[in-house]
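First the structure, in the form of structure tokens, and then the observations on it.
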Amino acid sequence: QKEVEQNSGPLSVPEGAIASLNCTYSDRGSQSFFWYRQYSGKSPELIMFIYSNGDKEDGRFTAQLNKASQYVSLLIRDSQPSDSATYLCAVSVNTGFQKLVFGTGTRLLVSP
Amino acid sequence: DVKVTQSSRYLVKRTGEKVFLECVQDMDHENMFWYRQDPGLGLRLIYFSYDVKMKEKGDIPEGYSVSREKKERFSLILESASTNQTSMYLCASSLGVAGRANNEQFFGPGTRLTVL
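Residue numbers (my numbering), protein chains in the order written: chain Z, 726 to 837; chain G, 1139 to 1254.
Spelled out as structure tokens, the structure:
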């Protein structure tokens, strides 16, 4: 069983809409949760991190965490074509080493 | 800003060659990581290091070794390159402060390795 699961997509949304990206994880001891954006041919870049239940907002991005349900999501408001990328969810592993486990990513396509 | 650099963006090697991939970070980070990324498989951890001369195996260490002689530099070595090691290789670093929850990793630009 995969430790971090994401729908591979593609998730297609029109420009200006809200894109909702979801991620579930299996390790109940995980404390930190990260969203990375990866453009084709480029390396992942950190968008947001969250480690408390609830919502965390940063500009057009909102991360939501529900530890009881082992679920983390990323909302992108007013989606732009430049948001078209693969979004990776990463979760800390409760091993004493500061490793992250990555999902395989959700591809987002924002059409003009 | 954290800067992680990798020695090459593209590399072509022949089967059986010894390959060195270099990674340097400039923010005094304790932890450094090597991943490979393949379509449909996502990011897979090869090795990581939490201190100079310390290393730990990740999920797929077979066929690879690493070296960390200085804090800022972490090298990945393919002892005898094979075609199934053709991939995108990504280096990352993180601060490594004990007890810190938000220990985000910062990635280098990646090296696309082709083994013929």
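Even glycine gets a Cβ: it sits at the ideal position worked out from N, Cα and C.
On a predicted model such as this, the values are computed, not experimentally measured, just so you know.
Decide if the region 1162 to 1182 of chain G is in contact with the region 821 to 834 of chain Z; the criterion is three or more beta carbon pairs, one per stretch, under 8 Å apart. yes
Pick out whichever of Z/794, Z/786, Z/766 and Z/791 has its Cα sitting closest to the Cα of residue 804 of chain Z. Position 79 of the first sequence, counting from 1, holds the residue named residue 804 of chain Z. Closest option to residue 804 of chain Z, judged by alpha-carbon separation, among Z/794, Z/786, Z/766 and Z/791: Z/786.
Roughly how many angstroms separate the alpha carbons of residue 773 of chain Z and residue 1218 of chain G, rounded to a whole number? The residue given as residue 773 of chain Z occupies position 48 in the first sequence. The residue given as residue 1218 of chain G occupies position 80 in the second sequence. One C-alpha to the other measures close to 38 Å.
Endpoints, beta strand (DSSP E) assigned at residue 1226 of chain G: Here residue 1226 of chain G refers to the residue found at position 88 when the second sequence is read from its first residue. Residues 1225 to 1232.
Identify each residue in the region 1183 to 1195 of chain G for which the Cβ-Cβ distance to at least one residue of chain Z is less than 9 Å, and report them in chain order. 1183, 1186, 1188 and 1194
Can you check whether the CB of residue 728 of chain Z is closer than 8 Å to the CB of residue 750 of chain Z? Working through the first sequence from its first residue, we reach residue 750 of chain Z at position 25. Working through the first sequence from its first residue, we reach residue 728 of chain Z at position 3. Cβ atoms of residue 750 of chain Z and residue 728 of chain Z: closer than 8 Å.
Given a cut-off of 8 Å, decide if residue 1175 of chain G and residue 1254 of chain G are closer than it, judged by their beta-carbon atoms. What you label residue 1254 of chain G is simply residue 116 of the second sequence in a count that begins at 1. What you label residue 1175 of chain G is simply residue 37 of the second sequence in a count that begins at 1. In this structure, residue 1175 of chain G does not lie closer than 8 Å to residue 1254 of chain G by Cβ.
Cβ-Cβ distance between residue 823 of chain Z and residue 1241 of chain G below 8 Å: Walking along the first sequence from the start, residue 823 of chain Z turns up at place 98. Walking along the second sequence from the start, residue 1241 of chain G turns up at place 103. Yes, the pair counts as a contact, with Cβ atoms nearer than the cut-off.
So residue 731 of chain Z is in the beta strand (DSSP E); what residue range does that whole segment cover? The residue labelled residue 731 of chain Z in the question sits at position 6 within the first sequence. Note, residue 731 of chain Z: premise wrong, no beta strand (DSSP E); not H, not E.
Please classify residue 747 of chain Z: does DSSP put it in a helix, a strand, or coil? Counting from 1 along the first sequence, the entry for residue 747 of chain Z is found at position 22. Residue 747 of chain Z falls in the strand class under three-state DSSP.
Going by C-alpha distance, which of G/1252, G/1201, G/1214 and G/1225 is nearest residue 1172 of chain G? Numbered from its first residue, the second sequence carries residue 1172 of chain G at position 34. Of the candidates G/1252, G/1201, G/1214 and G/1225, the one whose C-alpha sits nearest the C-alpha of residue 1172 of chain G is G/1214.
Residue 764 of chain Z burial status per 10 Å Cβ neighbour count (16 or more: buried): Looking up residue 764 of chain Z in the first sequence gives position 39. Residue 764 of chain Z comes out exposed.
If you draw a straight line from the C-alpha of residue 777 of chain Z to the C-alpha of residue 1216 of chain G, how long is it? Residue numbering aside, residue 777 of chain Z sits at position 52 when the first sequence is read from its first letter. Residue numbering aside, residue 1216 of chain G sits at position 78 when the second sequence is read from its first letter. When rounded, the distance between both Cα atoms is 40 Å.
Rounded C-alpha distance that separates residue 790 of chain Z from residue 779 of chain Z: The sequence position of residue 790 of chain Z within the first sequence is 65, counting from 1. The sequence position of residue 779 of chain Z within the first sequence is 54, counting from 1. Cα-Cα distance, rounded: 5 Å.
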